[in-house]
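So the structure is just underneath, and the comments pick up after that.
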Amino acid sequence: MSGFSQASHKEASQKPPNIILINADDLGYGDVGCYGATMVQTPNIDRLAREGRRFTDAHTASAVCSPSRYGLMTGQYPLRRNFWGPIPGVTEGLTIDKDSQTLASTLKKSGYATACVGKWHLGFGEEAPNWNGELTPGPLELGFDYYFGIPTVNSGPPFVYVENHHVVGYDPQDPFVMKTEAATQKWPAKSGYNQIGGAQKAHLLYEDEKVGTTLKNKAVAWMESRAQKQDDRPFFLYLATTNIHHPFTPAPQFKGTSQAGRYGGFIHELDWIVGEIVKTVEAMGEEENTLVIFTSDNGGMLNHGGQDAWKAGHRLNGDLLGFKFGAWEGGHRVPFIAKWPGKVPANSTSDHLLSQVDLLATFAAITNQPLNEEEEHDSIDQLAELTGEADTPQREMLVISPNSPEHLVIRKGDWVYIPAQDAGGFQGKKVGDHTLGGAAAFALTGQKNSDVSGHKIRTDAPKDQLYNLKEDLSQTENVVMENPAISNELRQLLATYRNMIGPYPKLGWINIDAVAAREKRQQEAQKP
334 MSGFSQASHK EASQKPPNII LINADDLGYG DVGCYGATMV QTPNIDRLAR EGRRFTDAHT
394 ASAVCSPSRY GLMTGQYPLR RNFWGPIPGV TEGLTIDKDS QTLASTLKKS GYATACVGKW
454 HLGFGEEAPN WNGELTPGPL ELGFDYYFGI PTVNSGPPFV YVENHHVVGY DPQDPFVMKT
514 EAATQKWPAK SGYNQIGGAQ KAHLLYEDEK VGTTLKNKAV AWMESRAQKQ DDRPFFLYLA
574 TTNIHHPFTP APQFKGTSQA GRYGGFIHEL DWIVGEIVKT VEAMGEEENT LVIFTSDNGG
634 MLNHGGQDAW KAGHRLNGDL LGFKFGAWEG GHRVPFIAKW PGKVPANSTS DHLLSQVDLL
694 ATFAAITNQP LNEEEEHDSI DQLAELTGEA DTPQREMLVI SPNSPEHLVI RKGDWVYIPA
754 QDAGGFQGKK VGDHTLGGAA AFALTGQKNS DVSGHKIRTD APKDQLYNLK EDLSQTENVV
814 MENPAISNEL RQLLATYRNM IGPYPKLGWI NIDAVAAREK RQQEAQKP
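Last residue of the sequence shown? That's 861 in our numbering, and every number before it is there in order.
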């Protein structure tokens with residue numbers, strides 16, 4: 334890898350660091366103080382930035398939770414798995430092949446103790462979860478020694494905790510029953526297919542306002558237990574918080590603490606969780622040999638709580654256009670901070686392009702482990718970028734999956750190309766819709782884009798989009814017509830990646846409206 338010396342690689346391999354990867358849920362680019370937030374306070378996250386390195390051009394593999402986590406965990410673009418949207422947590426089997434190389438399996442092979450705590454949302458079981466039996470395969474089959482967390486989003490069923498292969502508090506005398514309501518949270522799905530009731534004891538253990546604290550406690554207990562057992566192996570902790578995914582249910586002490594309402598309160602709880610994890614590392618005497626990475630699974634979402642925060646003056650994704658699920662920058666450019674005393678330069682910033690899929694190759698470099706040559710990896714070793722030794726970007730090109738396959742994004746240098754109109758994300762039509770997004774969101778946000786008039790795509794707008802992010806980070810001017818050579822180059826590159834889409838059925842919910850609109854345009858174009 335260019336930019337990182339052999340001596341530095343050797344030193345890293347001789348003294349492998351503990352690695353803590355904190356992956357927040359739906360935390361936007363503008364939701365953190367060190368990225369410009371003023372209506373929420375994030376002193377612990379900001380401290381990580383002061384003592385480490387803040388990245389301003391870091392991206393998720395997808396603008397959506399499940400495929401984003403797939404990319405982070407495997408180092409592969411989710412398009413290879415034909416993975417586009419969130420999976421139903423109650424009915425979906427494990428979405429990662431259990432023989433795949435992952436962050437955890439790579440580090441475990443290098444002698445690490447490994448744990449996953451928090452939101453999983455990548456499925457359990459060969460074909461579907463067996464809630465009344467063993468939930469296998471799951472995280473443990475992908476390289477983790479220990480798992481505790483929630484199977485899916487905190488806004489949807491099954492509203493239980495899972496530890497290793499079993500539901501916590503499960504009583505075989507009171508089994509789970511599909512298509513029935515739970516004893517606690519009610520699921521408003523019209524079809525009812527994703528409802529699961531019964532198992533009252535297990536359901537009653539899950540209390541919304543205690544989820545953040547519970548996950549923090551489990552993560553801290555796992556780290557401390559290693560010290561108590563005098564386990565001197567390096568450790569890898571993947572902490573996937575439910576903060577700040579709706580329904581925004583912080584613990585009581587964080588309610589009313591923010592000018593951005595319950596949305597901001599949930600950010601404050603997240604910041605506290607980060608602080609407690611760092612304090613534990615310091616108390617263990619492991620701070621100097623621990624790499625902490627903090628990031629988010631996608632951009633901020635303009636749901637009910639997000640809209641309330643916006644009206645209060647908080648800008649979820651800063652100056653970026655768009656929101657979660659969509660192809661615009663706000664959907665997938667996220668906070669990314671790395672701290673590793675003595676290795677990562679303190680109080681530094683990088684504007685070089687980076688993707689979460691790069692963590693696999695980077696962790697492999699840190700531990701001197703090769704990538705599996707039998708697998709197709711999209712991961713690039715970014716260790717030189719973390720340590721500040723890279724004079725030029727290690728990554729020039731990147732592909733990002735929004736919720737609509739028709740809006741697959743390609744980035745090369747300063748240019749980003751989107752092969753369809755609008756953002757291809759949530760398509761709520763009016764302010765107040767939970768799924769407000771795309772051009773319709775302009776009715777609330779007042780953002781500007783040359784393709785949008787009012788809050789609708791102009792009838793004479795180009796059929797695709799091109800932006801120079803160095804000159805126009807907020808994507809106000811679509812310059813696809815003015816730059817035909819660049820547009821054609823990126824179209825051709827994107828066609829190459831479309832050919833990589835896996836032979837699987839489409840995985841996860843997709844934006845059917847966006848696909849249908851694209852197909853309609855194609856049919857009209859073919860008419861004589």
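All residues carry an ideal CB built from backbone N, CA and C; glycine is no exception.
Strictly by DSSP, which residues pair up with residue i?
{"i": "Gly761", "result": "Leu769"}
{"i": "Thr682", "result": "Arg387"}
{"i": "Lys745", "result": "Met730, Trp748"}
{"i": "Asn351", "result": "Thr623"}
{"i": "His499", "result": "Glu496"}
{"i": "Phe509", "result": "Gly531"}
{"i": "Leu687", "result": "Ala391"}
{"i": "Ala642", "result": "DSSP output for Ala642 lists no bridge partner at all."}
{"i": "Ile790", "result": "Val785"}
{"i": "Tyr480", "result": "Cys449"}
{"i": "Ala357", "result": "Ser629"}
{"i": "Phe416", "result": "Leu840"}
What separation, rounded to the nearest whole angstrom, lies between the Cα atoms of residue i and residue j?
{"i": "His647", "j": "Ser443", "result": "43 Å"}
{"i": "Ser276", "j": "Leu687", "result": "Residue 276 cannot be examined here, being either before or after the span of the chain that is shown, 334 to 861."}
{"i": "Leu802", "j": "Phe509", "result": "50 Å"}
{"i": "Thr517", "j": "Gly746", "result": "49 Å"}
{"i": "Ile483", "j": "Ala535", "result": "12 Å"}
{"i": "Asn550", "j": "Asp390", "result": "32 Å"}
{"i": "Pro726", "j": "Tyr503", "result": "50 Å"}
{"i": "Cys449", "j": "Leu572", "result": "6 Å"}
{"i": "Phe569", "j": "Asp805", "result": "38 Å"}
{"i": "Lys348", "j": "Ile733", "result": "34 Å"}
{"i": "Phe457", "j": "Pro580", "result": "24 Å"}
{"i": "Leu731", "j": "Arg595", "result": "34 Å"}
{"i": "Val764", "j": "Ala776", "result": "7 Å"}
{"i": "Pro491", "j": "Thr575", "result": "14 Å"}
{"i": "Gln533", "j": "Val423", "result": "16 Å"}
{"i": "Glu559", "j": "Glu620", "result": "The question names Glu, but residue 559 in the sequence shown is Arg. Cα to Cα, Arg559 sits roughly 15 Å from Glu620."}
{"i": "Arg824", "j": "Thr513", "result": "47 Å"}
{"i": "Gly366", "j": "Thr547", "result": "25 Å"}
{"i": "Gln561", "j": "Lys431", "result": "31 Å"}
{"i": "Asp793", "j": "Asp784", "result": "8 Å"}
{"i": "Trp605", "j": "Ala584", "result": "11 Å"}
{"i": "Ile355", "j": "Gly618", "result": "20 Å"}
{"i": "Gly779", "j": "Trp417", "result": "28 Å"}
{"i": "Trp748", "j": "Glu718", "result": "21 Å"}
{"i": "Ala554", "j": "Asn631", "result": "28 Å"}
{"i": "Gln689", "j": "Thr393", "result": "5 Å"}
{"i": "Glu709", "j": "Gly404", "result": "12 Å"}
{"i": "Leu635", "j": "Ser629", "result": "16 Å"}
{"i": "Thr829", "j": "Val614", "result": "44 Å"}
{"i": "Gln640", "j": "Gly787", "result": "18 Å"}
{"i": "Asn463", "j": "Ala437", "result": "24 Å"}
Once the 5 residues before and after residue i are set aside, which same chain residues still bring their CB inside 7 Å of it?
{"i": "Lys343", "result": "Annotation note: pLDDT 42 at Lys343 (below 50); position unreliable, coordinate value reported separately. Cβ neighbours of Lys343 beyond the five flanking positions: none."}
{"i": "Asp684", "result": "Thr389, Asp390"}
{"i": "Pro421", "result": "Asn527"}
{"i": "Phe658", "result": "Ala396, Val397, Gly664, Pro735, Asn736, Gly758, Phe759, Gly770"}
{"i": "Pro472", "result": "Cys449, Trp453, Tyr480"}
Hey, could you find the ends of the alpha helix (DSSP H) residue i is sitting in?
{"i": "Cys398", "result": "398 to 407"}
{"i": "Gln825", "result": "817 to 831"}
{"i": "Tyr410", "result": "No alpha helix (DSSP H) contains Tyr410, which DSSP labels as neither H nor E."}
{"i": "Gln798", "result": "Premise fails: Gln798 lies in the beta strand (DSSP E), 798 to 801, not in any alpha helix (DSSP H)."}
{"i": "Ala671", "result": "Segment 669 to 672 is the beta strand (DSSP E) holding Ala671; no alpha helix (DSSP H) there."}
Beta-carbon within less than 6 Å of residue i's beta-carbon, same chain only, minus the 5 sequence neighbours each way: which residues are those?
{"i": "Ser524", "result": "Note that Ser524 scores a pLDDT of 46, beneath 50, so its modelled location is shaky; the value from the coordinates is reported in the next line. Excluding positions up to five away in sequence, the list is empty."}
{"i": "Val373", "result": "Ser591, Ala593, Gly597, Ile600"}
{"i": "Ala863", "result": "The requested residue 863 does not occur in the structure, where the chain is confined to residues 334 to 861."}
{"i": "Asp714", "result": "Met334, Ala694, Thr695, Ala698"}
Between which two residues does the beta strand (DSSP E) containing residue i stretch?
{"i": "Gly281", "result": "Nothing can be reported for residue 281: it is not among the residues displayed for the chain, which extend from 334 to 861."}
{"i": "Leu624", "result": "623 to 629"}
{"i": "Glu450", "result": "It should be pointed out that residue 450 corresponds to Val in this sequence rather than to Glu. Per DSSP, Val450 belongs to the beta strand (DSSP E) from 446 to 451."}
{"i": "Phe568", "result": "568 to 573"}
For residue i and chain C, any beta-carbon pair shorter than 7 Å?
{"i": "Leu653", "result": "In the structure shown, chain C cannot be found, because there is only a single protein chain."}
By Cβ distance, which residues of its chain are closer than 8 Å to residue i, with the 5 residues on each side in sequence left out?
{"i": "Asp507", "result": "Gly531, Ala532, Gln533, Lys534"}
{"i": "Asp541", "result": "Asn487, Gln518, Pro580, Thr582"}
{"i": "Gly589", "result": "Gly598"}
Evaluate contact between the region 617 to 637 and the region 700 to 712, counting only Cβ atoms and requiring at least three cross-stretch pairs below 8 Å. Counting Cβ pairs under 8 Å, fewer than three are found: no touch.
For the 8 Å Cβ check, are there 3 or more pairs between the region 638 to 658 and the region 368 to 386? With contact defined as three or more Cβ pairs closer than 8 Å, the region 638 to 658 and the region 368 to 386 are in contact.
Any 3 or more C-beta pairs closer than 8 Å across the region 393 to 404 and the region 451 to 465: yes
Flag this pair as touching only if the region 659 to 678 and the region 811 to 819 have three or more C-beta atom pairs under 8 Å; answer yes or no. no
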